[in-house]
Ligand code: NOJ
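Residue numbers (the working numbering): 2 to 518.
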């Protein structure tokens, strides 16, 4: 079976309630893999694509429907792969293109779709396009990037680079112009107003779609078509009408492929209304990250507001929401919630119980906290090392990796917090995630049902999901006291391992999914 012939996988087929007219990505649970930190099979201390292949059975058993792979392309790793030097090649650290193709094929055999990262806003300064662009003002690729004349002492506008704290502009002494980089100086921004850039980057999409991937997570999607105003006035880049036109171009291209593929935009704007605009008139991106909930504390008022924003701003325009609590750019949610095991377990039932498509970040199913990385071992200019700690798979110094000396230190307590220990412990995070994902798969209400708030005591959130005659109630106690929640219910899943059945009460910082009797 070649991946091009592959049709809806085992995972989707397992749900008898799945309607053929509903896109697979609406009922799916996604799992983000940060390949550097997943599993190293060759002993260089950096995870690799063979490591992902080896754990496909683990992922299938977890019950997720799709994986998103952070970049594994050729890269000098100034931003650990988000500085791409060749979009159509795999960095030797991770494997090669044949291994990537094999990974996609095997994932499909396990019923897992594969979404890859697509990094359109910038390239590496070692990309052949930029090497040429920088070589002279008349080089063929010069105007594939953003160059501006000026005074070497005064950057063309006050935009700041995301990680350096300095200007988003670097003076190129060789050709005596400034070039733009919203991120590191090693990540020059492409100029998407240049048609050749659009064509070349569309070809990159075609390369991976032809190889069999099921879609793209699009890095910095919201800024690629930005206008670049010069002078002191502009404080930061803004999405433009042209950016939306580019999104429509991506959508058209991806939708022209057989099998349903998906685009997921990284919209790093703290406004759910702004996120809504990237769905267009159902002609821009299929899904978009909505980050305000990721930054919300574990408090009822904060979550009620974040959920209301989604209900008010996304649902009415037919935009299917994305929910995410952790990723490779932010402290893990358990760490943000003060390390609380109870809160992190309850949060799993929130993430998987709201209406929309949840994205898990590798290791959250083990309840991992961020590693505490001593200054001498820090490597990321953006300060994100903690959440990128390598996944501990088993006991022993190497935790299942091919070396005991990975690129970053292990997360806290890795001696006993690892996948093998949790496999053996029915009360573990891993078993909670498996049970919740399996219950979600069985319930049309939880997968794609309508949402409605229910009355609840202060500090407690309760909502109902309903579809096709199926109903489920999610109740979350965001207080440190036990609370009663009256009504006639049967327990579907509880976040507290000690909660055997439903007696009408929830312990501190806990959640339950209930079936109305
Ligand atoms: C967002 C990515 O998630 C992050 O890791 C990266 O550093 C920036 N975009 C730049 O590509």
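Backbone N, C-alpha and C fix where the C-beta goes; we use that ideal spot for every residue, glycine too.
Going by beta-carbon coordinates alone, are residue i and residue j separated by less than 8 Å?
{"i": "residue 295", "j": "residue 335", "result": "no"}
{"i": "residue 84", "j": "residue 187", "result": "yes"}
{"i": "residue 166", "j": "residue 157", "result": "no"}
{"i": "residue 477", "j": "residue 512", "result": "yes"}
{"i": "residue 120", "j": "residue 68", "result": "no"}
{"i": "residue 420", "j": "residue 433", "result": "no"}
{"i": "residue 281", "j": "residue 323", "result": "no"}
{"i": "residue 416", "j": "residue 396", "result": "yes"}
{"i": "residue 206", "j": "residue 255", "result": "yes"}
{"i": "residue 288", "j": "residue 321", "result": "yes"}
{"i": "residue 268", "j": "residue 208", "result": "no"}
{"i": "residue 319", "j": "residue 283", "result": "yes"}
{"i": "residue 286", "j": "residue 265", "result": "yes"}
{"i": "residue 65", "j": "residue 39", "result": "no"}
{"i": "residue 195", "j": "residue 133", "result": "no"}
{"i": "residue 76", "j": "residue 125", "result": "yes"}
{"i": "residue 381", "j": "residue 81", "result": "yes"}
{"i": "residue 1", "j": "residue 216", "result": "This structure leaves residue 1 out entirely; the chain is present only between 2 and 518."}
Enumerate in chain order the residues of its own chain whose CB-to-CB distance from residue i is below 6 Å, with the five nearest sequence positions on each side excluded.
{"i": "residue 460", "result": "301, 479 and 480"}
{"i": "residue 210", "result": "258"}
{"i": "residue 510", "result": "343, 344 and 347"}
{"i": "residue 498", "result": "428"}
{"i": "residue 24", "result": "261"}
{"i": "residue 2", "result": "Residue placement at residue 2 is poorly supported in this model, since its pLDDT is 32, which falls under 50; the coordinates are not used for a value here."}
Within a Cβ cutoff of 8 Å, which residues of the same chain sit near residue i, ignoring the five residues on either side of it in sequence?
{"i": "residue 472", "result": "446, 450, 465, 466, 516 and 517"}
{"i": "residue 182", "result": "123, 162, 169, 170, 171, 188, 189 and 190"}
{"i": "residue 426", "result": "432"}
{"i": "residue 524", "result": "Any property of residue 524 remains undetermined from this structure, which presents the chain solely from 2 to 518."}
{"i": "residue 62", "result": "435"}
Identify every residue that forms a DSSP beta bridge with residue i.
{"i": "residue 360", "result": "31 and 325"}
{"i": "residue 288", "result": "265"}
{"i": "residue 125", "result": "Beta-bridge pairing links residue 125 to no other residue."}
{"i": "residue 515", "result": "474 and 492"}
{"i": "residue 484", "result": "507"}
{"i": "residue 216", "result": "116 and 263"}
{"i": "residue 171", "result": "180"}
{"i": "residue 190", "result": "123"}
{"i": "residue 55", "result": "Residue 55 is not bridged to any residue."}
{"i": "residue 453", "result": "465"}
{"i": "residue 67", "result": "31 and 114"}
{"i": "residue 149", "result": "179"}
{"i": "residue 91", "result": "74"}
{"i": "residue 161", "result": "168"}
Between residue i and residue j, how many whole angstroms is the CB-CB distance? I'm expecting something under 8 Å.
{"i": "residue 218", "j": "residue 118", "result": "5 Å"}
{"i": "residue 100", "j": "residue 51", "result": "6 Å"}
{"i": "residue 507", "j": "residue 486", "result": "6 Å"}
{"i": "residue 299", "j": "residue 362", "result": "17 Å between Cβ atoms; not a contact."}
{"i": "residue 60", "j": "residue 113", "result": "6 Å"}
{"i": "residue 496", "j": "residue 349", "result": "7 Å"}
{"i": "residue 514", "j": "residue 440", "result": "6 Å"}
{"i": "residue 373", "j": "residue 409", "result": "That pair is no contact at about 11 Å."}
{"i": "residue 147", "j": "residue 192", "result": "5 Å"}
{"i": "residue 383", "j": "residue 332", "result": "Actually they do not touch by this definition, with Cβ atoms about 12 Å apart."}
{"i": "residue 364", "j": "residue 392", "result": "5 Å"}
Can you give me the Cβ contacts of residue i inside the same chain, cut-off strictly under 7 Å, excluding the 5 residues immediately before and after it?
{"i": "residue 308", "result": "355"}
{"i": "residue 444", "result": "471 and 473"}
{"i": "residue 98", "result": "90 and 91"}
{"i": "residue 505", "result": "485, 486 and 487"}
{"i": "residue 276", "result": "268, 270, 289 and 291"}
{"i": "residue 490", "result": "474, 503, 515, 516, 517 and 518"}
{"i": "residue 142", "result": "130, 133 and 134"}
{"i": "residue 96", "result": "49, 50 and 51"}
Does the Cβ of residue i have 16 or more other Cβ atoms within 10 Å, making it buried, or fewer, making it exposed?
{"i": "residue 54", "result": "buried"}
{"i": "residue 178", "result": "buried"}
{"i": "residue 104", "result": "buried"}
{"i": "residue 378", "result": "exposed"}
{"i": "residue 253", "result": "exposed"}
{"i": "residue 310", "result": "buried"}
{"i": "residue 47", "result": "buried"}
{"i": "residue 306", "result": "exposed"}
{"i": "residue 406", "result": "exposed"}
{"i": "residue 412", "result": "buried"}
{"i": "residue 174", "result": "exposed"}
{"i": "residue 58", "result": "exposed"}
{"i": "residue 79", "result": "buried"}
{"i": "residue 238", "result": "buried"}
{"i": "residue 501", "result": "exposed"}
{"i": "residue 154", "result": "exposed"}
Compare the C-beta of residue i with all C-beta atoms of chain D and state if any pair is closer than 8 Å.
{"i": "residue 256", "result": "This model lacks chain D altogether; it includes just one protein chain."}
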